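**Q** Residue numbers (our numbering): 283 to 797. Glycine included, each C-beta is placed from N, C-alpha and C at the ideal position. Nothing here was measured: the structure is a model prediction, and the numbers come from that model.
1. Could you check what DSSP says for residue 289 in three-state terms: helix, strand or coil?
2. Please determine, among 594, 613, 662 and 691, the residue with the shortest C-alpha to C-alpha distance to residue 631.
3. Look at the Cβ atom of residue 377, then the Cβ atom of residue 303, and state whether they are nearer than 9 Å.
4. Taking the runs of the beta strand (DSSP E) that are 3 residues or longer, which of them lie wholly in the stretch 631-696?
5. Residue 579 by DSSP, collapsed to three states: which one?
6. Any heavy atom of the ligand FAD closer than 8 Å to the beta-carbon of residue 695?
7. Taking residue 508 as the reference, which of 480, 427 and 732 has the closest Cα?
8. Under three-state DSSP, which class holds residue 462?
9. Quick check on this structure: which residue in 363, 551, 448 and 663 has the alpha carbon closest to the alpha carbon of residue 322?
10. With DSSP as the reference, identify every bridge partner of residue 350, one or two as the case may be.
11. Got a sec? Which residues, its chain only, sit under 6 Å from residue 295 by beta carbon, not counting five neighbours each side?
12. Tell me the DSSP bridge mates of residue 611?
13. Relative to the alpha-carbon of residue 723, which residue among 744, 331, 571 and 651 has its alpha-carbon at the smallest distance?
14. Given a cut-off of 9 Å on the beta-carbon distance, is the pair residue 578 and residue 599 in contact?
15. I'd like the list of long-range same chain contacts for residue 470, defined as Cβ closer than 6 Å, with 5 residues on each side in sequence excluded.
16. Need the endpoints of the alpha helix (DSSP H) that residue 436 sits in, please.
17. Quick check on this structure: which residue in 649, 452, 491 and 527 has the alpha carbon closest to the alpha carbon of residue 696?
18. Under 9 Å between the Cβ atoms of residue 500 and residue 514?
19. Assess, as a yes-or-no matter, whether the stretch 755-769 is touched by the stretch 610-626 under the definition of 3 or more beta carbon pairs within less than 8 Å.
20. Please determine if the stretch 725-743 and the stretch 674-681 are in contact, where contact requires at least 3 C-beta pairs separated by less than 8 Å.
21. Just to confirm the assignment, what range does the alpha helix (DSSP H) spanning residue 530 have?
22. So the candidates are 477, 361 and 467; which of them puts its Cα closest to the Cα of residue 314?
23. Using C-beta distances below 6 Å, list every residue in its chain close to residue 668, excluding the 5 sequence neighbours before and after it, in chain order.
24. Closest to residue 276 by CA distance: which of 704, 709 and 751 is it?
25. Can residue 319 and residue 409 be called in contact, C-beta distance under 9 Å?
26. By how many angstroms is the C-alpha of residue 624 removed from the C-alpha of residue 657?
27. Along the alpha helix (DSSP H) that carries residue 326, what are the first and last residues, could you check?
28. Report the rounded CA-to-CA distance for residue 370 versus residue 588, giving the unit in angstroms.
29. The beta strand (DSSP E) spanning residue 451 covers which residue range?
30. Looking at the structure shown, is residue 708 part of a helix, part of a strand, or coil, going by DSSP?
31. For residue 452 and residue 519, what's the separation of their Cα atoms in angstroms?
32. By DSSP's criteria, residue 368 is part of a beta bridge. Which residues make up the other side?
33. Using 9 Å as the threshold, is the C-beta distance between residue 379 and residue 355 below it?
34. Checking the sheet assignment: what are the DSSP bridge partners for residue 606?
35. By DSSP, does residue 408 sit in helix, in strand, or in coil?
36. CA-CA distance, residue 341 and residue 357?
Structure below.
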């Protein structure tokens with residue numbers, strides 16, 4: 283006797299699973315300009331590498347004689363694959379089955395995908411589209427009971443944030459638990475005009491008295507600007523490209539170190555224009571991104587979070603082939619002042635770099651925290667203090683290049699002070715507890731009030747202090763380790779990047795995920 287009938291049944295069930303939500307739902311998905319879940323899996327995985335897990339899971343109806351009458355596959359798909367040759371766990375929500383609602387899923391599949399990534403130390407890629415959570419109120423009638431909410435597997439998601447790279451691509455409407463899965467990632471993005479994210483969608487919000495379209499409620503632009511996601515892109519294809527680039531800078535888990543890439547411009551000389559990149563007038567602004575691109579390996583700059591926390595520019599790059607994390611003050615946004623959002627962005631990027639063992643290069647032009655009522659309304663000091671905590675808890679090598687200003691409490695975040703410091707200052711360096719212009723009149727009030735010509739005396743005092751604040755005087759007292767020609771910045775950073783490898787140690791950080 284053979285197992286021919288069972289093998290035929292297996293083939294029949296596999297074919298039923300591949301039908302997903304059916305021909306009409308698949309056509310509707312395509313008409314909305316979105317790939318379906320299986321097309322996405324194929325687009326991201328290296329050709330032929332995807333191996334599905336739980337392909338036969340779903341919901342079947344049976345006749346009295348046990349014959350299967352119908353089959354609805356679960357709307358969460360996952361498996362193992364390779365991306366650019368690296369083993370990963372790949373997941374995709376199937377919007378064609380009940381709009382991705384959780385009542386058409388099987389929670390154990392989602393939890394197992396997270397467990398596979400964490401236990402086998404593989405990056406996790408989530409392609410999210412749907413409501414997630416508890417489904418709709420229809421679930422109450424079909425199940426016949428309700429329940430106190432819980433999220434099976436959430437603890438695994440939290441743990442993964444401290445162990446493996448997690449990427450979340452929002453490729454359609456994302457709500458409820460789907461939104462939670464979207465933001466619980468090291469890198470997340472939405473597709474402009476196609477993807478939206480909300481705690482609850484427009485129908486639920488309308489019931490509470492607020493009528494909004496999907497875009498008005500949670501469009502990609504809203505969340506790219508508020509920091510709930512890291513980036514927005516114009517297409518799914520671009521999302522897949524950015525996914526690959528993000529992962530290329532990171533190890534597969536915290537138990538490994540980031541790999542060195544190709545060394546393409548070893549003998550590249552410094553750019554001459556860097557000598558005049560910072561204006562002599564401290565009130566004048568200048569763009570920071572060209573400076574970043576001039577000192578890192580060509581075509582290696584990968585910016586993250588461009589639209590929020592604008593006082594700081596963050597991303598990854600390579601220096602002499604080695605992956606590094608970049609922090610760079612942005613003078614074109616409030617002069618580089620740290621707002622609450624800027625501080626949150628600093629904290630997030632520093633923690634990401636520390637978790638995955640990327641040395642940090644900080645290009646500094648920081649006049650301090652934002653002051654005034656807005657700063658107090660936004661609790662700037664709380665978020666600023668958390669950013670400083672992240673900086674002082676970091677364990678990876680850190681190199682600060684002070685381009686211009688480093689003032690006050692925020693300025694102290696230019697580098698951790700509890701270790702050997704790689705600090706390179708440009709001749710334009712300008713630092714202190716507060717700018718001269720900000721405290722001059724108050725500090726010398728009695729002297730100014732007592733003289734016959736306060737304006738002339740103020741100018742005299744200012745000229746005297748201008749001489750004292752020369753960066754060369756700081757260097758005389760070993761207050762800064764080196765002052766360099768800006769054109770030598772790249773060569774100095776290449777030295778740092780290579781020596782930093784000697785100080786990197788794989789393994790999980792003791793603090794876990796900062797909450």
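**A** A quick look at the data gives this:
1. Taking the first residue of the chain shown as 1, we reach residue 289 at position 7. Residue state, collapsed to three classes: helix.
2. As a first step, residue 631 is located in the chain shown; it is residue number 349 there, counting from the start. Considering only alpha carbons, the answer is 594.
3. Taking the first residue of the chain shown as position 1, residue 377 is located at position 95. Taking the first residue of the chain shown as position 1, residue 303 is located at position 21. Contact: yes.
4. 642-648 and 680-689
5. As a working mapping, residue 579 is identified with position 297 in the chain shown. Three-state DSSP puts residue 579 in coil, outside helix and strand.
6. Ligands displayed in this structure: none; no statement on the ligand FAD is therefore possible.
7. The sequence position of residue 508 within the chain shown is 226, counting from 1. With distances taken between Cα atoms, residue 508 lies closest to 480.
8. Translated into the one-based positions of the chain shown, residue 462 becomes position 180. For residue 462, the secondary structure class from DSSP, reduced to helix, strand or coil, is helix.
9. Working through the chain shown from its first residue, we reach residue 322 at position 40. The candidate whose alpha carbon is nearest that of residue 322 is 363.
10. Sequence index remark: in the chain shown, residue 350 carries index 68 (1-based). Residue 350 pairs with 344.
11. As a working note, residue 295 is residue 13 in the chain shown. Same-chain partners within the cutoff: 338.
12. Counting from one through the chain shown, the residue named residue 611 turns up at place 329. Per the DSSP secondary-structure output, residue 611 pairs in a beta bridge with 594.
13. Taking the first residue of the chain shown as 1, we reach residue 723 at position 441. Residue 723 has its Cα closest to that of 744, out of 744, 331, 571 and 651.
14. By one-based count along the chain shown, residue 578 stands at place 296. By one-based count along the chain shown, residue 599 stands at place 317. The answer is yes: Cβ separation under 9 Å.
15. As a first step, residue 470 is located in the chain shown; it is residue number 188 there, counting from the start. Within the same chain, and ignoring the five residues on either side of residue 470 in sequence, the residues whose Cβ sits closer than 6 Å to its Cβ are 450, 464, 511 and 512.
16. As a first step, residue 436 is located in the chain shown; it is residue number 154 there, counting from the start. Where residue 436 is concerned, the enclosing alpha helix (DSSP H) stretches over 436-442.
17. Here residue 696 refers to the residue found at position 414 of the chain shown. It is 649.
18. Here the question's residue 500 lines up with position 218 in the chain shown. Here the question's residue 514 lines up with position 232 in the chain shown. Contact: no.
19. no
20. no
21. Start at 1 with the first residue of the chain shown, and residue 530 comes out as number 248. In this chain, the alpha helix (DSSP H) harbouring residue 530 covers 518-530.
22. Along the chain shown, one-based indexing puts residue 314 at 32. Residue 477 is the option with its Cα nearest to residue 314.
23. Position 386 of the chain shown holds residue 668. Same-chain partners within the cutoff: 629.
24. In the structure as shown, the chain begins at 283 and stops at 797. Residue 276 is therefore absent and cannot be evaluated.
25. Taking the chain shown and counting its residues from 1, one reaches residue 319 at position 37. Taking the chain shown and counting its residues from 1, one reaches residue 409 at position 127. Judged by beta-carbon spacing, residue 409 lies within the 9 Å limit of residue 319, meaning their Cβ atoms are closer than that value.
26. Sequence index remark: in the chain shown, residue 657 carries index 375 (1-based). Sequence index remark: in the chain shown, residue 624 carries index 342 (1-based). Roughly 12 Å between the two C-alpha positions.
27. Here residue 326 refers to the residue found at position 44 when the chain shown is read from its first residue. Run containing residue 326: 319-326, per the alpha helix (DSSP H) assignment.
28. What you label residue 370 is simply residue 88 of the chain shown in a count that begins at 1. What you label residue 588 is simply residue 306 of the chain shown in a count that begins at 1. C-alpha separation (whole angstroms): 27 Å.
29. Position 169 of the chain shown holds residue 451. Residues 448-457.
30. Counting from 1 along the chain shown, the entry for residue 708 is found at position 426. Looking at residue 708 - three-state DSSP - the assignment turns out to be coil, as it is neither helix nor strand.
31. Start at 1 with the first residue of the chain shown, and residue 452 comes out as number 170. Start at 1 with the first residue of the chain shown, and residue 519 comes out as number 237. Near 13 Å, if we compare the C-alpha coordinates of residue 519 and residue 452.
32. The count along the chain shown starts at 1 and reaches residue 368 at position 86. Answer by DSSP bridge pairing, in chain order: 365.
33. Counting from 1 along the chain shown, the entry for residue 379 is found at position 97. Counting from 1 along the chain shown, the entry for residue 355 is found at position 73. Result yes, Cβ atoms of residue 379 and residue 355 sit closer than 9 Å.
34. One-based indexing of the chain shown puts residue 606 at position 324. DSSP output for residue 606 lists 599 as bridge partner(s).
35. Numbered from its first residue, the chain shown carries residue 408 at position 126. Reduced to three states, the DSSP call for residue 408 is strand.
36. One-based indexing of the chain shown puts residue 341 at position 59. One-based indexing of the chain shown puts residue 357 at position 75. Approximately 10 Å between the Cα atoms of the pair.
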